[in-house]
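Each remark here refers to the structure printed beneath this line.
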Amino acid sequence: MAKRDYYEVLGVGRDTDPGAIKRAYRNLAMQYHPDRNPGNGAAAEKMKEVNEAYAVLCDPHKRHLYDMYGHAGLEGYTQEDIFGGVDFGSLFREFGFGFGNGIFDGLFGRRASGRRGPRRGADLRYDLSVTLEEVALGVEKTIEIPRVSACSSCNGTGAQSDGLETCHRCKGAGQIVKEQRSGYSVVRQITVCAECRGRGKIVKKACEDCQGKGMVETKRDLKIDVPAGADTGYNVRVESEGEAGTDGIPGDLYVVVNVERHPLFERHGDDIYIQHDIPFVTAALGGGEQVPGLGGDVKVDIAEGTQTGAVVRVPGQGMPRLGKRGRGDQYIVLRVVTPTDLTREEKELIRQFQEVRQKRDRGKHAKDKKV
Ligand SMILES: [Zn+2]
Ligand SMILES: [Zn+2]
Numbered sequence: 012m013a014k015r016d017y018y019e020v021l022g023v024g025r026d027t028d029p030g031a032i033k034r035a036y037r038n039l040a041m042q043y044h045p046d047r048n049p050g051n052g053a054a055a056e057k058m059k060e061v062n063e064a065y066a067v068l069c070d071p072h073k074r075h076l077y078d079m080y081g082h083a084g085l086e087g088y089t090q091e092d093i094f095g096g097v098d099f100g101s102l103f104r105e106f107g108f109g110f111g112n113g114i115f116d117g118l119f120g121r122r123a124s125g126r127r128g129p130r131r132g133a134d135l136r137y138d139l140s141v142t143l144e145e146v147a148l149g150v151e152k153t154i155e156i157p158r159v160s161a162c163s164s165c166n167g168t169g170a171q172s173d174g175l176e177t178c179h180r181c182k183g184a185g186q187i188v189k190e191q192r193s194g195y196s197v198v199r200q201i202t203v204c205a206e207c208r209g210r211g212k213i214v215k216k217a218c219e220d221c222q223g224k225g226m227v228e229t230k231r232d233l234k235i236d237v238p239a240g241a242d243t244g245y246n247v248r249v250e251s252e253g254e255a256g257t258d259g260i261p262g263d264l265y266v267v268v269n270v271e272r273h274p275l276f277e278r279h280g281d282d283i284y285i286q287h288d289i290p291f292v293t294a295a296l297g298g299g300e301q302v303p304g305l306g307g308d309v310k311v312d313i314a315e316g317t318q319t320g321a322v323v324r325v326p327g328q329g330m331p332r333l334g335k336r337g338r339g340d341q342y343i344v345l346r347v348v349t350p351t352d353l354t355r356e357e358k359e360l361i362r363q364f365q366e367v368r369q370k371r372d373r374g375k376h377a378k379d380k381k382v
């Protein structure tokens, strides 16, 4: 008896997505499961056929081989290879069937014990850049995740609507059967049709949207919440948004935050540092200064006689503490600036200051000599 087409067994189209394949399998398993058909040999056979079709079609690699070459594509596969990727035990528990009375041993090509778990797809990493201002308040970012999916214009066939023809060589079977008689036995040799590479159809007019590939790369938008106070290296795990797995179990996506360098502020943990220039008069006499802060300018008092390198601490004006109350501090590192654009009048005033200063210094020296 020739093997039936796996898609036909599950009653789904060739472009069906993994979720729908699983649903189709579930419906058939409900129908033919030996629990519901005790002693029914035909149902058991049917179940076996359905299991095999599902084991192949739920695995992207095996499905691809099957799509390309039909049954011949899996010729070298053992039962273990075919069924190995599916954990029928957990699948059946998920469907609400029992699994442990031994009826199914052998039905799936291997015994219930010692089965490998389903293979998860790989985790993916996405680096997300945010500004210091954004992370100071917390921000919701939308990121684009590329995905490969069946082309919707051609339903994954790779052809325009009238651009698909049944292969003339294999008449759409995808394979060519040769019978060779040797003595009393007949040897059937099945080969993949070279003309259509097992697809049974030939693309005469390629789909313009996918250039005949049948697959397109689409982008999917995901919203990511970056909490206030997150720092470089903080990561958000998005479940099941990684690579597709062999058993339809995708990996996870890790969005790793990178806080961009800020032109003014330097961050150390929850504290921020800023360098700020003050005029030499303010440094000498003291006074108020407006200094940029994360949430707008902050007003600070500069003490009389401030030197370059002096640090002013403004409590609670740093970054929010991640997952906690309160904020870090802002540190202002001061630099005294000498004016370079003095007018004649200003220069005269400074010379007067200099004279007063020198007189005072001479008086001081004279006093020192007397001692
Ligand atoms: Zn297409
Ligand atoms: Zn062909």
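In this text, residue positions in the sequence shown follow my numbering: the first is 12, and each later residue adds one.
Glycine included, each C-beta is placed from N, C-alpha and C at the ideal position.
Note that the structure is predicted; figures quoted are calculated from it, not measured.
Residue i: CB within 7 Å of a non-hydrogen atom of ligand 1
i, result
"G307", "no"
"G169", "yes"
"D28", "no"
"S164", "yes"
"G225", "yes"
Residue j beta carbon less than 8 Å from that of residue i
i, j, result
"L264", "I156", "yes"
"G15", "E60", "Per the sequence shown, residue 15 should be read as Arg rather than Gly. Result yes, Cβ atoms of R15 and E60 sit closer than 8 Å."
"C165", "C181", "no"
"R136", "V267", "yes"
"E271", "V141", "yes"
"L143", "F276", "yes"
"R396", "G240", "In the structure as shown, the chain begins at 12 and stops at 382. Residue 396 is therefore absent and cannot be evaluated."
"G183", "V214", "no"
"D372", "M330", "no"
"F291", "V348", "yes"
"K216", "A170", "yes"
"F106", "R199", "no"
Any non-hydrogen atom of ligand 2 within 7 Å of residue i CB
i, result
"C204", "yes"
"C178", "yes"
"C221", "no"
"G211", "yes"
"G185", "yes"
"C181", "yes"
"C69", "no"
Inter-residue spacing [alpha-carbon to alpha-carbon] between residue i and residue j
i, j, result
"F103", "G30", "16 Å"
"L345", "G306", "20 Å"
"M226", "D220", "9 Å"
"V203", "T229", "32 Å"
"A40", "L333", "49 Å"
"T177", "I235", "47 Å"
"E315", "T293", "8 Å"
"G167", "K224", "8 Å"
"K310", "P238", "28 Å"
"R25", "Y18", "6 Å"
"V20", "S193", "33 Å"
"D379", "R368", "16 Å"
"G81", "P49", "33 Å"
"D458", "V67", "Only positions 12 to 382 of the chain appear in the structure, and residue 458 is not among them; the question remains open."
"Y43", "Q90", "21 Å"
"K33", "K189", "35 Å"
"C69", "A13", "22 Å"
"H179", "E56", "33 Å"
"Y195", "M58", "34 Å"
"G262", "S172", "35 Å"
"G22", "Y65", "11 Å"
"T319", "N269", "32 Å"
"R231", "I343", "43 Å"
"I187", "V197", "16 Å"
"E151", "I201", "57 Å"
"L353", "P274", "29 Å"
For residue i, the three-state DSSP class (helix, strand or coil)
i, result
"M330", "coil"
"Y17", "helix"
"P29", "helix"
"Y342", "strand"
"Y137", "strand"
"T229", "strand"
"R180", "coil"
"G22", "coil"
"M66", "Looking at the sequence provided, one finds Ala at residue 66 rather than Met. Correct three-state label for A66: helix."
"P71", "helix"
"L143", "helix"
"I283", "strand"
"L264", "strand"
"K380", "helix"
"E219", "coil"
Cβ separation of residue i and residue j, assumed to be a contact under 8 Å, to the nearest whole Å
i, j, result
"G132", "I260", "7 Å"
"Q286", "G304", "Not confirmed; about 14 Å, so no contact."
"V322", "D340", "About 11 Å separates the two Cβ atoms, so there is no contact after all."
"G337", "I313", "Not a contact, Cβ separation roughly 26 Å."
"I283", "T317", "Contact doesn't hold; Cβ gap of about 20 Å is too wide."
Distance cut-off 7 Å: residue i Cβ against heavy atoms of ligand 3
i, result
"C218", "Ligand 3 is absent from the structure shown, which contains only ligand 1 and ligand 2."
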